[in-house]
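Residue numbers (my numbering): 952 to 1422. Even for Gly, the Cβ is constructed at its ideal location relative to N, Cα and C. Note sheet for the following structure.
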């Protein structure tokens, strides 16, 4: 029963949001209505059947966003393709820019060499720390930050050669991104009572402005160096395309910074988290780890490095990636949609205009009607039968780690290239063991959710350099 003013907020306390929503769905059904304070209602979708109905029949009509007040800092929410409604011409233009200059086959192929260099640098970083316990996620994030920045802007933001397990530059950027994410998900009186937004009573928008301003300062420096001609020899990258569009007036400098922030934040953090989860699940399941490494060794032999092209010859590794994304999705609750018109009906629930539609991807991808033993890590499920045909495109509604429809993550093609390549490279170059005294069964794989689903206890492991037999 929703309470006055706060609605169903108490039903969601004390747990990760995706767990709390799944618990409520077990009682109230795979489509349920929640009251989110006085600002409106939400319909929560928790099964593949309901997701199919929502996306296949009503995608266009719930493809807007309800923008948190903190997101409006420095105009981010008004320029970001993450937050603009899909009906907005600016959203269509920005998606077109990203589709053409970031994730098109030609763009991905052009930046492949840069991506592979950054993965080799990550492997070298771990090699230099062989036989020592490392916190896997920190250098992973730093390397993915460099992979994105070098691929798109032709600059490294992080020095991977220093002795730190997480270079200071990476730590600073990650801190600002995490703080922004935390601020936009905190309960905010400005979101509950929109008339109070100009007052910013909790100061969340002001704090977000400070953190976003630091990121924009870094991006301003990159843009200034390019405009000053210091990087002329590196034109042809994503930044070059954006600067050209800026010169013709098609986009503004603020647009360039906003796109840059969206790409950096989404492209680096989520990739690093996904690889960390996959590594943790493999360490917790030694049989799967042995199968993955045997497949890689069989395909590559004594070759020192893995290329992105090699991944096509590694079906079990690809199954590991899919299973990690199914079992531990980095985005367990998709960024909420908002209905732009009446006439939407999902599972018998009418969704009035202005209502929020929440997709619990975590629950959807653990639905026992769609998956055998859904709580278990079983990469083999993606090698045979119906699941062998499942892909990331969002049309198989039991598997939506990147969402579906108009609001599907635009970085999907990049993630498809990078995640399996990074994982294969780490498994081929190094053997991984848990720290002394930690068994596979004892490895903590519990979750902590803010806007992303991270390991509650960061993964620590010991890399060991393997000598490949000569052929």
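Checklist entry - Looking at residue 1140 and residue 1225, is the spacing between their C-beta atoms short of 7 Å? => result Numbered from 1 along the chain shown, position 274 holds the residue referred to as residue 1225. Numbered from 1 along the chain shown, position 189 holds the residue referred to as residue 1140. Their beta carbons are not under 7 Å apart, which means residue 1225 does not touch residue 1140 by this criterion.
Checklist entry - Would residue 1273 be called buried (16 or more neighbouring beta carbons within 10 Å of its own) or exposed? => result Translated into the one-based positions of the chain shown, residue 1273 becomes position 322. The residue in question, residue 1273, is buried, as its Cβ has 16 or more Cβ neighbours within 10 Å.
Checklist entry - For the alpha helix (DSSP H) that residue 915 lies in, which residues bound it at each end? => result Residue 915 is absent from the model: the chain starts at 952 and stops at 1422.
Checklist entry - Can you tell which of 1098, 1371, 971, 1090 has the C-alpha that lies nearest to the C-alpha of residue 1257? => result Looking up residue 1257 in the chain shown gives position 306. Considering only alpha carbons, the answer is 1371.
Checklist entry - Exposed or buried, residue 1066, counting other C-beta atoms within 10 Å across all chains shown (16 or more means buried)? => result For the purposes of this step, residue 1066 is taken as residue 115 along the chain shown, with counting starting at 1. Taking all protein chains shown into account, residue 1066 has 16 or more neighbouring C-beta atoms within 10 Å of its C-beta and is therefore buried.
Checklist entry - If we count Cβ pairs, one from each stretch, closer than 8 Å, do we get three or more for the segment 1306-1326 versus the segment 1342-1353? => result When C-beta atoms of the segment 1306-1326 are compared with those of the segment 1342-1353, three or more pairs fall below 8 Å, so the two segments count as touching.
Next on the checklist: For a quick check, are the C-beta atoms of residue 1021 and residue 1143 less than 7 Å apart?
Outcome noted: Position 70 of the chain shown, counted from the first residue, corresponds to residue 1021. Position 192 of the chain shown, counted from the first residue, corresponds to residue 1143. Not a contact, by the Cβ cut-off of 7 Å.
Checklist entry - What alpha helix (DSSP H) runs, 4 residues minimum, are completely inside the segment 1130-1209? => result 1140-1143, 1155-1178, 1189-1198
Next on the checklist: To test your reading of the DSSP string, which unbroken alpha helix (DSSP H) runs of 4 or more residues are found completely within the segment 1052-1097?
Outcome noted: 1056-1061, 1063-1078
Next on the checklist: Just verifying my parser: in three-state terms, what is the DSSP assignment at residue 1363?
Outcome noted: Taking the chain shown and counting its residues from 1, the one referred to as residue 1363 is at position 412. In this structure, residue 1363 counts as helix in the three-state DSSP scheme.
Checklist entry - At which residues does the beta strand (DSSP E) containing residue 978 begin and terminate? => result Position 27 of the chain shown, counted from the start, is the residue given in the question as residue 978. Where residue 978 is concerned, there is no enclosing beta strand (DSSP E), although the alpha helix (DSSP H) it sits in stretches over 968-979.
Item to check | residue 961 to residue 1270 span [Cα, whole Å] | outcome: Sequence index remark: in the chain shown, residue 961 carries index 10 (1-based). Sequence index remark: in the chain shown, residue 1270 carries index 319 (1-based). Summary for residue 961: the model assigns pLDDT 49, below 50, so the residue's position carries little reliability; its value from the coordinates is reported in the next sentence. Their Cα atoms are separated by approximately 38 Å.
Checklist entry - What are the start and end residues of the alpha helix (DSSP H) that includes residue 1251? => result Reading the chain shown from its first residue, position 300 is the one you call residue 1251. 1237-1251 is the span of the alpha helix (DSSP H), which, as asked, contains residue 1251.
Item to check | Reference residue 1319, options 993, 997, 982, closest by Cα | outcome: As a working note, residue 1319 is residue 368 in the chain shown. Nearest C-alpha to residue 1319: 997.
Checklist entry - For residue 1412, which of helix, strand or coil comes out of DSSP? => result Translated into positions along the chain shown, residue 1412 becomes position 461. Strand at residue 1412.
Checklist entry - Are at least three pairs of beta-carbons, each pair with one atom in the segment 1287-1307 and one in the segment 1390-1402, less than 8 Å apart? => result No contact exists between the segment 1287-1307 and the segment 1390-1402.
Checklist entry - Short check: CB of residue 1306 to CB of residue 1074, under 7 Å? => result Taking the chain shown and counting its residues from 1, one reaches residue 1306 at position 355. Taking the chain shown and counting its residues from 1, one reaches residue 1074 at position 123. The answer is no: Cβ separation not under 7 Å.
Checklist entry - On the three-pair Cβ rule with 8 Å, is the segment 1087-1099 touching the segment 1214-1232? => result yes
Checklist entry - Considering residue 1313, what are the terminal residues of the beta strand (DSSP E) in which it resides? => result Reading the chain shown from its first residue, position 362 is the one you call residue 1313. Premise fails: residue 1313 lies in the alpha helix (DSSP H), 1312-1315, not in any beta strand (DSSP E).
Checklist entry - What residues in its chain sit with their C-beta under 8 Å from that of residue 1345, if we drop five residues either side in the sequence? => result One-based indexing of the chain shown puts residue 1345 at position 394. Hits under 8 Å: 1006, 1351, 1353, 1354, 1355, 1356, 1359.
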